[in-house]
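A.B. asks: Top line first, the protein sequences correspond to chains S and L. All residue numbers for the first sequence refer to the numbering used here, where the first residue is 1 and numbers rise by one. All residue numbers for the second sequence refer to the numbering used here, where the first residue is 1001 and numbers rise by one. Got a structure for you, questions after.
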Amino acid sequence: MSATTAGTQTPARAQPDANLPGPIAWAKANLFNGIFSSIVTLAIGAFVVWALYGLVQWAFINAIWWVPDTAAGKPDPTSCRLAHGVGACWAAIHDKWRFMLFGAYPYNEQWRAGICIALFLGLFYVSADRRFWNKNLATIWIGTLVVIFGLMWGGFLGLPYVPQDQWGGLPITLILATFGLALAFPLSVLVALGRRSTKLPAVKLICVAYVELIRGVPLIALLFMANVMLPLFLPDGVNFDKLLRAQVAFIIFAAAYLAEVVRGGLAALPKGQAEAADALGLNYWQKTLSITLPQALRLVIPPLVNTFIGFFKDTSLVLTIGILDMLTASKTAMADPVWQGVSTEIYVVLAIIYALFCYTMSSYSRSVERKLDVTKNR
Amino acid sequence: MMIRMSLTGGLLASAMLAAVASPAFAQGSGSATLDAVKARGQLICGVAGAVPGFSLPDSQGVMRGLDADSCRNVAAAVLGDANKVKFANLTTTNRFTALQSGEVDMLSRSTTWTLGREASLGLMFAGVNYYDGTGFLVKKALGVKTAKEMDGATICVQPGTSTELAISDFYRVNKMKFTPILIQDLAEIQNAFLAGRCDAYSTDSSALATFRATQTNKDDFLLLPDIISKEPLGYVVRSGDDKWFDIVRWTYFATVTAEELGVDSKNVDEMVKSSTNPDIKRLLGTEGDMGKQLGLDPKWAYNVIKQVGNLGETWDRNITVLGVQRGINAIWTKGGLQYAPPIR
């Protein structure tokens, strides 16, 4: 077996079927290979058809896409309630999608938050492209982030000022995830290097204590500390922004986990690499930055992305401290008595949004792995 | 930049307080909270942010509900503008710390007034905007008329709530047995009840009435007449700032008095001009110095009534639309518990 087929879905088979090309032959060999195999295939096939039929019935055919307004100008959910359990109520999404995406951000200013989401996506797209991996990327990031925060806050050029506590929805999720990971990653590299340090025992001790302490505490506890305990220690009236507090807690938490991933990569490198660098007379930073660290990071792309995806979803934990991220906003939307009972539809939409982001991250990481896999493609 | 500004401001303020503790107060109104609210130009009010009828953002993201309007009342009285409120969403866990630490100026978050909370948490309850209580919702098919007939019933209840305690007390007192089905999530617990996993669904009766009203087959459900616990939900402030306590409490009394006197947001301008009733004149600031005594504008109550409305109006706007009867929450002249001492 060569390494290239290891990732594909075809199960390894004992008997070669080279003389039976074509889809029918493939089905015969893989799906209807004997009586037992045929029965299992038919049973699973019937189940899939039945489930798909139910899903299509619920999500499309019986679904309520639109409801009329009542005299009071509010949507009239009667048809949705009658269809409950039979068809999806997409009309609720129609009424609530802006609240789900933007939270309590002032309704007439939500286009600004929408542009911010687009800017974030553009930023991710540009950062993913290797052609942009040069010094300009930092400028692009700083520029985009300034524009994003300028738009979110406003207060210039006739844009009304929107205080941070009114931000909500997807922009909050993206801000927490992007800053959390972008700042936690460099911190984690420093901590990982510190933990492996042999010449600086004090630094090593601090790094070990940091990682073990933070990893030993649940994220919710850290968020509570940042949100509930911190204000008690500060004098009256001094009040850090709630989002900033949650953001710092996230960075600290993510860095502890990422540090261990990076340390794993450093530990996996053959000792000869570092020794060769020493033999060339490189100093510590030259050795680390150009020899060990690049190789170590390449090794740990899968667990790094694993942690990234986990943290992207963990941002929803800010609901425990009352920040209106996308999940919290959607749950708040569900509480509206007009749409009582419409929760599946809202969760389905949320799941699709989260899945899109997470799938993009994982498929991108696979492509990066392939491109950087210089040793195996040589 | 915002952060740095508020940080320096806070540091300055605390430094001043430390240096000249009592003279600093003598300069202001005598209430640190009132001074802070006026300086900020905004009231920070703690709400739940996820309870229909009390505080829940509508599809446009504007906070609506009885608790939200209670906050608006105080903003209108103190700042003259009901929209100068910043709503802070608080959970049941962080609500009291947020108030104690000064993160919010007041709490209006469906919080039950109990001795324990007032005596040991350094808080004061300034008024009750909703008299609630634990109730039971059953399917009519069950054939039960009162809670005492429900020996051996399974009851859906959210864990860790005062409801859970109230039910177990009720069953212990009546020497009956029940099986609790504990479900944390609101949507889940309602689905469980509808699916027949439990005989009864128990929580605050206001929430039960709302839930029943939004069902298509609402006549298949029965809200039992028994209210097995007292849950007076109110406005809360920090203790130690009596002046602020007075303002919050009398703002609430003003809305009760306005309803009692028949002053509402639509006729208040007319009343200011033509009313000869001394009670109304004192309330609206055309006679006497009620506002000044509280350290507020003479038109404090006028602003509340004009911009937010009297208690009955806020009730109708937020609670009646949910299908909940006013019952004991009516004013005392209509047989309810809402009573205000005279504004004199």
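Even for Gly, the Cβ is constructed at its ideal location relative to N, Cα and C. Remember, it's a predicted structure, so these values are computed and weren't measured experimentally.
If we define contact as Cβ-Cβ less than 8 Å, is T1203 (chain L) a contact residue for chain S?
C.D. replies: Residue numbering aside, residue 1203 (chain L) sits at position 203 when the second sequence is read from its first letter. Chain S contact via Cβ: absent.
A.B. asks: Under the DSSP definition of a beta bridge, which residues are partnered with I1155 (chain L)?
C.D. replies: Residue 1155 (chain L) sits at position 155 when you count from the first residue of the second sequence. DSSP lists L:P1180, L:A1200 as partners of I1155 (chain L).
A.B. asks: Is the stretch 1117 to 1124 of chain L touching the stretch 1212 to 1228 of chain L, taking contact as three or more C-beta pairs under 8 Å?
C.D. replies: Segments in contact, no.
A.B. asks: How is the beta strand (DSSP E) around I1044 (chain L) delimited, first residue to last?
C.D. replies: The sequence position of residue 1044 (chain L) within the second sequence is 44, counting from 1. Per DSSP, I1044 (chain L) belongs to the beta strand (DSSP E) from 1043 to 1047.
A.B. asks: When you compare only the Cα positions, how much space is there between G341 (chain S) and W1244 (chain L)?
C.D. replies: Indexing the first sequence from 1 puts residue 341 (chain S) at position 341. Indexing the second sequence from 1 puts residue 1244 (chain L) at position 244. So the two alpha carbons sit approximately 41 Å from each other.
A.B. asks: Which partner residues does C89 (chain S) have in the DSSP bridge list?
C.D. replies: As a first step, residue 89 (chain S) must be located in the first sequence, where it is residue number 89. In the DSSP output, where bridge partners are listed per residue, C89 (chain S) has S:I64.
A.B. asks: Among S:V211, S:L101, S:A91, which one has its Cα closest to the Cα of C80 (chain S)?
C.D. replies: Residue 80 (chain S) sits at position 80 when you count from the first residue of the first sequence. Of the listed residues, the one whose Cα sits closest to C80 (chain S) is S:A91.
A.B. asks: Can you list the residues of chain S that S1101 (chain L) reaches, using a CB-CB cut of under 7 Å?
C.D. replies: Taking the first residue of the second sequence as position 1, residue 1101 (chain L) is located at position 101. Ordered by position in chain S, the residues that pass the 7 Å Cβ test against S1101 (chain L) are P231, L232.
A.B. asks: Is Q1060 (chain L) close to chain S, meaning its C-beta is less than 8 Å from at least one C-beta of that chain?
C.D. replies: The residue you call residue 1060 (chain L) lines up with position 60 of the second sequence. Output row for Q1060 (chain L): interface = yes.
A.B. asks: So G272 (chain S) is in the beta strand (DSSP E); what residue range does that whole segment cover?
C.D. replies: Here the question's residue 272 (chain S) lines up with position 272 in the first sequence. Here G272 (chain S) belongs to no beta strand (DSSP E); instead the alpha helix (DSSP H) covers 271 to 279.
A.B. asks: Taking Cβ to Cβ, would you say N251 (chain S) is nearer than 8 Å to L293 (chain S)?
C.D. replies: Locating residue 251 (chain S) in the first sequence gives position 251, counting from the first residue. Locating residue 293 (chain S) in the first sequence gives position 293, counting from the first residue. Correcting the residue identity first, residue 251 (chain S) is Ile in this sequence and not Asn. Cβ atoms of I251 (chain S) and L293 (chain S): not closer than 8 Å.
A.B. asks: What does the alpha-carbon distance come out to for the pair T1111 (chain L) and G1234 (chain L)?
C.D. replies: The sequence position of residue 1111 (chain L) within the second sequence is 111, counting from 1. The sequence position of residue 1234 (chain L) within the second sequence is 234, counting from 1. Cα to Cα, the separation comes out at about 6 Å.
A.B. asks: Hey, how far is the Cα of G143 (chain S) from the Cα of G122 (chain S)?
C.D. replies: Residue mapping note: residue 143 (chain S) aligns to position 143 of the first sequence, counting from 1. Residue mapping note: residue 122 (chain S) aligns to position 122 of the first sequence, counting from 1. In a straight line, the C-alpha of G143 (chain S) is about 12 Å away from that of G122 (chain S).
A.B. asks: Tell me the DSSP secondary structure of N108 (chain S) in three-state form.
C.D. replies: Looking up residue 108 (chain S) in the first sequence gives position 108. In this structure, N108 (chain S) counts as helix in the three-state DSSP scheme.
A.B. asks: Which residues does DSSP pair with T169 (chain S) in a beta bridge?
C.D. replies: Position 169 of the first sequence, counting from 1, holds the residue named residue 169 (chain S). It should be noted that the sequence gives Gly, not Thr, for residue 169 (chain S). Paired residue(s): S:D325.
A.B. asks: Just to make sure I have the definition right: I need the residues of chain L whose C-beta is within less than 8 Å of the C-beta of G322 (chain S). Which are they?
C.D. replies: Reading the first sequence from its first residue, position 322 is the one you call residue 322 (chain S). Residues of chain L passing the Cβ test: G1049, A1088, N1089, L1090, T1091, N1094.
A.B. asks: Alpha carbons only, please: which of L:T1091, L:R1072, L:V1051 is nearest the one belonging to N227 (chain S)?
C.D. replies: The residue given as residue 227 (chain S) occupies position 227 in the first sequence. Per the Cα distances, L:T1091.
A.B. asks: For the beta strand (DSSP E) containing Y161 (chain S), list its first residue and its last residue.
C.D. replies: The residue labelled residue 161 (chain S) in the question sits at position 161 within the first sequence. Neither: Y161 (chain S) is in no beta strand (DSSP E) and is coded neither H nor E.
A.B. asks: For L1012 (chain L), name the three-state secondary structure that DSSP assigns.
C.D. replies: In the second sequence, residue 1012 (chain L) corresponds to position 12, counting from 1. Here L1012 (chain L) scores only 43 on pLDDT, less than 50, and its place in the model is too uncertain to base an answer on.
A.B. asks: Can a CB atom of chain S be found closer than 8 Å to the CB of P1052 (chain L)?
C.D. replies: Counted from its first residue, the second sequence places residue 1052 (chain L) at position 52. Judged by the 8 Å Cβ criterion, P1052 (chain L) is in contact with chain S.
A.B. asks: How many angstroms separate the CA atom of Y53 (chain S) from the CA atom of V1074 (chain L)?
C.D. replies: Along the first sequence, one-based indexing puts residue 53 (chain S) at 53. Along the second sequence, one-based indexing puts residue 1074 (chain L) at 74. Y53 (chain S) and V1074 (chain L): Cα-Cα distance of roughly 55 Å.
A.B. asks: Name the residue from S:L151, S:L282, S:L222, S:Y125 whose alpha carbon lies nearest to the alpha carbon of Q110 (chain S).
C.D. replies: Here residue 110 (chain S) refers to the residue found at position 110 when the first sequence is read from its first residue. Closest option to Q110 (chain S), Cα to Cα, is S:L151.
A.B. asks: Name the residue from S:L372, S:L350, S:S362, S:Y354 whose alpha carbon lies nearest to the alpha carbon of F99 (chain S).
C.D. replies: The residue labelled residue 99 (chain S) in the question sits at position 99 within the first sequence. Looking at the Cα atoms, S:L350 is the closest of the given residues.
A.B. asks: In whole angstroms, what is the alpha-carbon distance linking F1025 (chain L) and G264 (chain S)?
C.D. replies: The residue labelled residue 1025 (chain L) in the question sits at position 25 within the second sequence. The residue labelled residue 264 (chain S) in the question sits at position 264 within the first sequence. Low confidence applies here, because F1025 (chain L) scores a pLDDT of 43, under 50, leaving its location unreliable and the question unanswered by this model.
A.B. asks: Does any residue of chain S bring its CB to less than 8 Å from the CB of L1284 (chain L)?
C.D. replies: Sequence index remark: in the second sequence, residue 1284 (chain L) carries index 284 (1-based). Chain S, which has no Cβ nearer than 8 Å to the Cβ of L1284 (chain L), makes this no.
A.B. asks: Are Y1131 (chain L) and I1328 (chain L) closer than 8 Å when you measure CB to CB?
C.D. replies: Numbered from 1 along the second sequence, position 131 holds the residue referred to as residue 1131 (chain L). Numbered from 1 along the second sequence, position 328 holds the residue referred to as residue 1328 (chain L). Against a cut-off of 8 Å, the Cβ pair of I1328 (chain L) and Y1131 (chain L) comes out as a contact.
A.B. asks: Within 10 angstroms of the Cβ of I39 (chain S), are there 16 or more other Cβ atoms? Answer buried if so, exposed if not.
C.D. replies: Taking the first sequence and counting its residues from 1, one reaches residue 39 (chain S) at position 39. The residue in question, I39 (chain S), is exposed, as its Cβ has fewer than 16 Cβ neighbours within 10 Å.
A.B. asks: From this set, S:S367, S:L282, S:V191, which residue's C-alpha is nearest M211 (chain S)'s C-alpha?
C.D. replies: For this step, residue 211 (chain S) is matched to residue 211 along the first sequence. Correcting the residue identity first, residue 211 (chain S) is Val in this sequence and not Met. Closest by alpha carbon: S:V191.
A.B. asks: For N283 (chain S), count the other beta carbons within 10 Å of its own beta carbon; 16 or more makes it buried, fewer makes it exposed. Which is it?
C.D. replies: The residue you call residue 283 (chain S) lines up with position 283 of the first sequence. The residue in question, N283 (chain S), is exposed, as its Cβ has fewer than 16 Cβ neighbours within 10 Å.
A.B. asks: Mind reading off the beta-carbon distance from M361 (chain S) to V305 (chain S)? Whole number of angstroms is fine, and I expect it under 8 Å.
C.D. replies: Stepping through the first sequence from its first residue, residue 361 (chain S) is reached at position 361. Stepping through the first sequence from its first residue, residue 305 (chain S) is reached at position 305. About 6 Å separates the two Cβ atoms, so the contact holds.
A.B. asks: Interface residues of chain L around M334 (chain S) at Cβ under 7 Å?
C.D. replies: Taking the first residue of the first sequence as position 1, residue 334 (chain S) is located at position 334. Within chain L, the residues near M334 (chain S) are A1187.
A.B. asks: DSSP puts T1216 (chain L) in a beta bridge; with which residues?
C.D. replies: To locate residue 1216 (chain L), count along the second sequence from 1; it is residue 216. T1216 (chain L) pairs with nothing; no bridge assigned.
A.B. asks: How do the stretch 306 to 315 of chain S and the stretch 1073 to 1087 of chain L stand: do at least 3 beta-carbon pairs fall below 8 Å, yes or no?
C.D. replies: No contact exists between the stretch 306 to 315 of chain S and the stretch 1073 to 1087 of chain L.
A.B. asks: Find out if the Cβ-Cβ distance for the pair N380 (chain S), A83 (chain S) is shorter than 8 Å.
C.D. replies: Since the first residue of chain S shown is 1 and the last is 378, residue 380 (chain S) is not available in this structure.
A.B. asks: Along chain S, in chain order, which residues have C-beta atoms closer than 9 Å to that of T1210 (chain L)?
C.D. replies: Position 210 of the second sequence holds residue 1210 (chain L). Neighbours of T1210 (chain L) on chain S, chain order: P337, Q340.
A.B. asks: Relative to the C-alpha of A1147 (chain L), which residue among L:V1128, L:F1170, L:G1133 is closest?
C.D. replies: Residue 1147 (chain L) sits at position 147 when you count from the first residue of the second sequence. The shortest C-alpha separation from A1147 (chain L) is found at L:F1170.
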